[in-house]
Amino acid sequence: MVPVLTKGHPVTVVTPIPVNPYITCINDRNRFLMLVAGIFTATGISAHYCFGLISDYLKNRYHFGQAELTIISTVGTSSGAFTFPSGVVFDYFGPSAAVGIPCVIGASGFLLMGLAFSSYIEGTVVLFSIFYGIICFGASSMDTGSLMTNILNFPRDRGAVVVLQKTFNGLGSSIMTVWFGSFFSGHYELWSFFTGGILFLFGMIGAVFLRLPPYHLTALQRKKMTEDELISREVTRDIYMTQRPSQRRLAVGYVVLTILTVFLTTQSLVVAYVDVSKERRIILGSITTLIFLCITFIALPLRCLDAPIANTNVCIRDTSSISSLATARDTPNAMPKPSVGRCEDNVMPCESGGITDELLQQKQQEQSPQRRSYASTLPGPPPERFPEPQYQGSFLTDLLFLDTWLLFWTGFCNWGTGNLIVANTAQIYRSMNENHFVETTNTLYVTLIGVGSALGRVLMGCIEMAIEKRAYPSSQQFSQTLSPLLQPHARSKLHVIMVYPFPSVLMSMGLILLLVIPVEGVVVPLVLISFAFGYSWACTALVVRSLFAKDVGKHYSFLFMASFCANIALNRFMFGELFDREGRKMGLYPFCAGRQCVRTSFLILLSLNLSAIVASVIVCFRFLRYAARQAPHLLDDYINCDDEIA
Numbered sequence: 073m074v075p076v077l078t079k080g081h082p083v084t085v086v087t088p089i090p091v092n093p094y095i096t097c098i099n100d101r102n103r104f105l106m107l108v109a110g111i112f113t114a115t116g117i118s119a120h121y122c123f124g125l126i127s128d129y130l131k132n133r134y135h136f137g138q139a140e141l142t143i144i145s146t147v148g149t150s151s152g153a154f155t156f157p158s159g160v161v162f163d164y165f166g167p168s169a170a171v172g173i174p175c176v177i178g179a180s181g182f183l184l185m186g187l188a189f190s191s192y193i194e195g196t197v198v199l200f201s202i203f204y205g206i207i208c209f210g211a212s213s214m215d216t217g218s219l220m221t222n223i224l225n226f227p228r229d230r231g232a233v234v235v236l237q238k239t240f241n242g243l244g245s246s247i248m249t250v251w252f253g254s255f256f257s258g259h260y261e262l263w264s265f266f267t268g269g270i271l272f273l274f275g276m277i278g279a280v281f282l283r284l285p286p287y288h289l290t291a292l293q294r295k296k297m298t299e300d301e302l303i304s305r306e307v308t309r310d311i312y313m314t315q316r317p318s319q320r321r322l323a324v325g326y327v328v329l330t331i332l333t334v335f336l337t338t339q340s341l342v343v344a345y346v347d348v349s350k351e352r353r354i355i356l357g358s359i360t361t362l363i364f365l366c367i368t369f370i371a372l373p374l375r376c377l378d379a380p381i382a383n384t385n386v387c388i389r390d391t392s393s394i395s396s397l398a399t400a401r402d403t404p405n406a407m408p409k410p411s412v413g414r415c416e417d418n419v420m421p422c423e424s425g426g427i428t429d430e431l432l433q434q435k436q437q438e439q440s441p442q443r444r445s446y447a448s449t450l451p452g453p454p455p456e457r458f459p460e461p462q463y464q465g466s467f468l469t470d471l472l473f474l475d476t477w478l479l480f481w482t483g484f485c486n487w488g489t490g491n492l493i494v495a496n497t498a499q500i501y502r503s504m505n506e507n508h509f510v511e512t513t514n515t516l517y518v519t520l521i522g523v524g525s526a527l528g529r530v531l532m533g534c535i536e537m538a539i540e541k542r543a544y545p546s547s548q549q550f551s552q553t554l555s556p557l558l559q560p561h562a563r564s565k566l567h568v569i570m571v572y573p574f575p576s577v578l579m580s581m582g583l584i585l586l587l588v589i590p591v592e593g594v595v596v597p598l599v600l601i602s603f604a605f606g607y608s609w610a611c612t613a614l615v616v617r618s619l620f621a622k623d624v625g626k627h628y629s630f631l632f633m634a635s636f637c638a639n640i641a642l643n644r645f646m647f648g649e650l651f652d653r654e655g656r657k658m659g660l661y662p663f664c665a666g667r668q669c670v671r672t673s674f675l676i677l678l679s680l681n682l683s684a685i686v687a688s689v690i691v692c693f694r695f696l697r698y699a700a701r702q703a704p705h706l707l708d709d710y711i712n713c714d715d716e717i718a
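Just add 72 to the spot in the sequence shown (first one is 1) and you have our numbering.
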């Protein structure tokens, strides 16, 4: 970097990087096409949440008791929690393999279950456990490759990805429930074949269209690239952190998501409480499908959906413009016209912003000069933000860290409760309704549970977007002095950990309602618990990203094991055994009648979630206290590092 004088003012001119960047502008329509592929993949993933649709059928046809059903559901949900192999495949080969292989596995599970329902395979507890385990393992393993890919493609809009894509992990089960009630009611073998086909189709869409951004390389790619090629890929990280996606396209996605959620809820209520003919159910199912397909509008090649082109929103076409851009940015009262060309019509213009976040953050002192030089050439204010405090320990050292086990316990309580309610909706409803079962009412509950889970993810995504908006200062703030800009972020910035205890509180409230509310209103606590369940999954993923600086994938996979342990302990050995014991006392086995069938289980779950409130609050206060101690040191390092660069 060379200091020069311009009209008496010192200006820093950045020397051009020695390699050309791999890309100079992002094809935003392709980026939204990948988001659509991620949404389809998430909908396919949700297929394994539909066990509540077939559980009563298994009881009636195969005379399974609750213990047998909990064995099947526990094997399935526990297999779904074992997604570590998918993470390994994703890190080494990328999203195509991490999504394509699991979708074939999950679809084969539905095929085998359909053959069992068609009497081509004998239906036993062992075989159904294997089939459902294959379904859950395959479907859940697709999540890593699809979600992480789009989070990397939208590094400044992770909340939007959670709202649009992760929401369909829960809302997709409601869509498939509507398809079952509209087209396959009573035909479980046809529904299994259809759902397996949908899972395969949506998974293959993800495998074909999902691609990692250039700056995130797989282990296989790194082995084949030279140092210059690696640098040319690495510097594109700054482009992804400055070129924001079209807010118009995101708005279209929000509108479609809202309409679909409202329609699914209304449709389920109508079908449950009004006598709807088969023809009208088919019409309702077709409308649901059309609304769902409208999500593809966010990727249509329409210029009206692109962001408006501003004079400062331009993309760099070649490295010959680097010096002029750097000079223009650092000159106090001058903005000479940079020698840049506008992006092609199918490429979005750039918007100024920050380049660092928890997902992609590297220590500033470790950044290469080449990457720093290129970051300085991007138009707009300096693309940096105040670094946030994070725990710096490795995964192995954090196994001896109290916060890790408090997070594990909170996940055990929250996810164990959520999985138990989702997997046993039919049994809970039937027992509380004095052993009377209505298929349309059960379908309503399964649908609304999916909607509740989706809304929980939406809320968490909105909270994340609000927090991220505060984390990136505006252009006007950058024109102020350094200290007033950074110190508020160091001392008073909101943090996602502050809302971490929220799902434990909601689950406790839902369990209290289940203990006292009449059966006519049981849908309220069921939806409340599912809302907290979806919120907890989304919140935990973001909390892990924010708290731990190293081995984030290992930390998250370890917490995923809490769901595995909870499914075995709570679903199989607690709920299943207690439910069957009450049923035998009444002489109704494999069924049970009355609230006493589930009261003891709900009291145990309530005590667990009350303890989870305490654990999550302790995690929150411990981290905030740590952040308060570390913030002044990070601020000094930030200022000193900035002075060294200048």
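By construction, the Cβ of each residue, glycine as well, lies at the ideal position given by its N, Cα and C atoms.
Tell me, please, whether the CB atom of residue i is closer than 7 Å to any CB atom in chain B?
i       : result
Ile-111 : Checking the listed chains, one finds no chain B in this structure; it contains a single protein chain.
When you compare only the Cα positions, how much space is there between residue i and residue j?
i       : j       : result
Arg-671 : Leu-585 : 11 Å
Thr-115 : Ser-608 : 19 Å
Arg-294 : Lys-238 : 29 Å
Leu-224 : Met-106 : 11 Å
Tyr-164 : Ser-602 : 34 Å
Ile-354 : Phe-266 : 15 Å
Ile-539 : Tyr-572 : 14 Å
Met-589 : Gly-166 : Position check: residue 589 holds Ile in this sequence, whereas Met was assumed. Approximately 48 Å, taken between the alpha carbons.
Phe-203 : Met-185 : 6 Å
Gln-559 : Ala-621 : Any reading at Gln-559 needs caution, since the residue's pLDDT is 42, under 50, leaving its predicted position unreliable; the model's value is listed next. Roughly 22 Å separates the two Cα atoms.
Leu-660 : Tyr-501 : 16 Å
Met-579 : Gly-528 : 12 Å
Asp-215 : Ala-170 : 9 Å
Phe-645 : Leu-273 : 36 Å
Arg-701 : Arg-617 : 20 Å
Arg-309 : Ile-521 : 39 Å
Tyr-463 : Leu-619 : 6 Å
Gly-655 : Gln-138 : 9 Å
Asn-491 : Leu-356 : 29 Å
Gln-339 : Ile-676 : 35 Å
Thr-482 : Ile-640 : 16 Å
Gly-269 : Ala-179 : 7 Å
Cys-611 : Ser-191 : 43 Å
Of the choices the options, whose alpha-carbon is the least far from that of residue i?
i       : options                               : result
Thr-361 : Leu-336, Leu-271, Lys-626 and Ala-495 : Leu-336
Glu-592 : Asp-652, Ile-144, Met-581 and Tyr-345 : Tyr-345
Tyr-260 : Gly-205, Thr-298, Tyr-129 and Thr-314 : Tyr-129
Gly-648 : Ala-495, Asn-102 and Val-233          : Ala-495
Ser-304 : Pro-285, Leu-292 and Arg-320          : Pro-285
Leu-757 : Leu-680, Met-646, Cys-534 and Asn-514 : No statement about residue 757 is possible, as the shown extent of the chain runs from 73 to 718 and does not include it.
Cys-366 : Glu-351, Ser-349 and Tyr-326          : Tyr-326
Val-510 : Thr-519, Ile-521, Ala-498 and Cys-376 : Ala-498
Phe-663 : Leu-302, Trp-477 and Met-504          : Met-504
Val-147 : Ala-119, Val-197, Phe-156 and His-135 : Val-197
Ile-690 : Asp-475, Ala-279, Val-280 and Gly-465 : Asp-475
Val-250 : Lys-350, Leu-292 and Gly-172          : Lys-350
Leu-587 : Ala-641, Ser-673 and Lys-626          : Ser-673
Phe-104 : Lys-541, Asp-378, Leu-187 and Tyr-287 : Asp-378
Val-530 : Phe-154, Ile-247 and Thr-330          : Thr-330
Gly-253 : Thr-515, Leu-219 and Gly-242          : Thr-515
Leu-598 : Gly-124, Trp-477 and Asp-347          : Gly-124
According to DSSP, residue i sits in a beta bridge with which residue or residues?
i       : result
Tyr-463 : Phe-620
What are the boundary residues of the alpha helix (DSSP H) that residue i is part of?
i       : result
Tyr-101 : In the sequence as displayed, the identity of residue 101 is Arg instead of Tyr. Its alpha helix (DSSP H) spans residues 100-117.
Glu-301 : 299-306
Gln-499 : 497-504
Val-160 : 156-165
Pro-748 : This structure cannot settle anything about residue 748, because the visible part of the chain is limited to 73 through 718.
Glu-351 : 350-365
Arg-656 : 649-658
Asp-128 : 123-134
Met-276 : 260-281
Gly-325 : 319-345
Consider the C-beta atom of residue i and the heavy atoms of the ligand MG; say whether any pair is separated by less than 6 Å.
i       : result
Trp-251 : As far as ligands go, the structure on display features none, and thus does not contain the ligand MG.
For this session: Jot down the residue ranges of each uninterrupted alpha helix (DSSP H) in the segment 160-244, minimum 4 residues, whole runs only, in chain order.
Result: 167-189, 197-225 and 230-233
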